[in-house]
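Remarks on the structure that follows.
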Amino acid sequence: MKKTIMLMAIFAISSQAFASVTKELPIVVTQDYSTIGTVYLQGEKFQKVVKDEAKGGPAMMQRAFGPVELFAGDMIKGGQVSKVATLNGKFFLSLKNEADIEAIAKSHGLGVEFTKGKLAILKAPQDMELSALLDILSNDARVSMVNLEQITNEMAPE
Numbered sequence: 001m002k003k004t005i006m007l008m009a010i011f012a013i014s015s016q017a018f019a020s021v022t023k024e025l026p027i028v029v030t031q032d033y034s035t036i037g038t039v040y041l042q043g044e045k046f047q048k049v050v051k052d053e054a055k056g057g058p059a060m061m062q063r064a065f066g067p068v069e070l071f072a073g074d075m076i077k078g079g080q081v082s083k084v085a086t087l088n089g090k091f092f093l094s095l096k097n098e099a100d101i102e103a104i105a106k107s108h109g110l111g112v113e114f115t116k117g118k119l120a121i122l123k124a125p126q127d128m129e130l131s132a133l134l135d136i137l138s139n140d141a142r143v144s145m146v147n148l149e150q151i152t153n154e155m156a157p158e
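Taking the UniProt record's numbering, the leading residue of the sequence shown gets 1, the next gets one more, and so forth.
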């Protein structure tokens, strides 16, 4: 009898503790995005998106009047990235000759952020269109491989 009462008391206390913990969990609100247009980066199809509260701004005007351009700070969705990614204007390059890093950066108006051997991270100015620059760097004979950095919050804690 004592064991039964003891077990019931422990169960009641643990149930209350669990219920109070679950009440404190925050509700995660998903952000809604609107598509502005489609852009291709190295043959992969992406959609340029904006947060829904930003619909009325100049970004929506771009959809109606011209091709989709990408700049640092823009958001894209698609390709191998299942979540929305933000572009920060950085390019990861693998070069055929490490001596070409400065020449490539200078010829395209890029800043050198990091170098290690034949690898480099170059940063485009804020007002430089990124998709055209990616195509130019991809076709540069001195470049073995180039990627435009895409930042997601995929690994961020909830």
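We treat Cβ as the ideally placed atom computed from N, Cα and C, and that holds for glycine.
Quiz item: If you measure from the beta carbon of Glu-113 to each beta carbon in chain E, is any gap under 8 Å?
Solution: The structure shown contains no chain E, having only a single protein chain.
Practice problem: State buried or exposed for Ile-104, treating a residue as buried only when at least 16 other CB atoms are found within 10 Å of its CB. | Solution: On the sequence shown, position 104 is the one that residue 104 refers to. Under this definition Ile-104 is a buried residue.
Exercise. Starting from the C-beta of Ser-14, find all residues in its chain whose C-beta is less than 8 Å away, skip the five residues before and the five after it, and write them out in chain order.
Key: Taking the first residue of the sequence shown as 1, we reach residue 14 at position 14. Excluding sequence neighbours, Ser-14 sits near nothing in its chain.
Exercise. List the DSSP bridge partners of Ala-85.
Key: Residue 85 sits at position 85 when you count from the first residue of the sequence shown. DSSP output for Ala-85 lists Ile-76 as bridge partner(s).
Quiz prompt | Proximal residues to Glu-102 (C-beta, below 8 Å), its chain only, five neighbours per side dropped | solution = Stepping through the sequence shown from its first residue, residue 102 is reached at position 102. Excluding residues within five positions, the ones whose Cβ falls inside 8 Å are Val-112.
Exercise. Kindly indicate the opening and closing residues of the alpha helix (DSSP H) around Lys-118.
Key: Residue 118 sits at position 118 when you count from the first residue of the sequence shown. Where Lys-118 is concerned, there is no enclosing alpha helix (DSSP H), given that its DSSP letter is neither H nor E.
Quiz prompt | Rounded straight-line distance, which links the Cα of Leu-122 to that of Ser-34 | solution = Along the sequence shown, one-based indexing puts residue 34 at 34. Along the sequence shown, one-based indexing puts residue 122 at 122. Taking the straight line from one Cα to the other gives about 30 Å.
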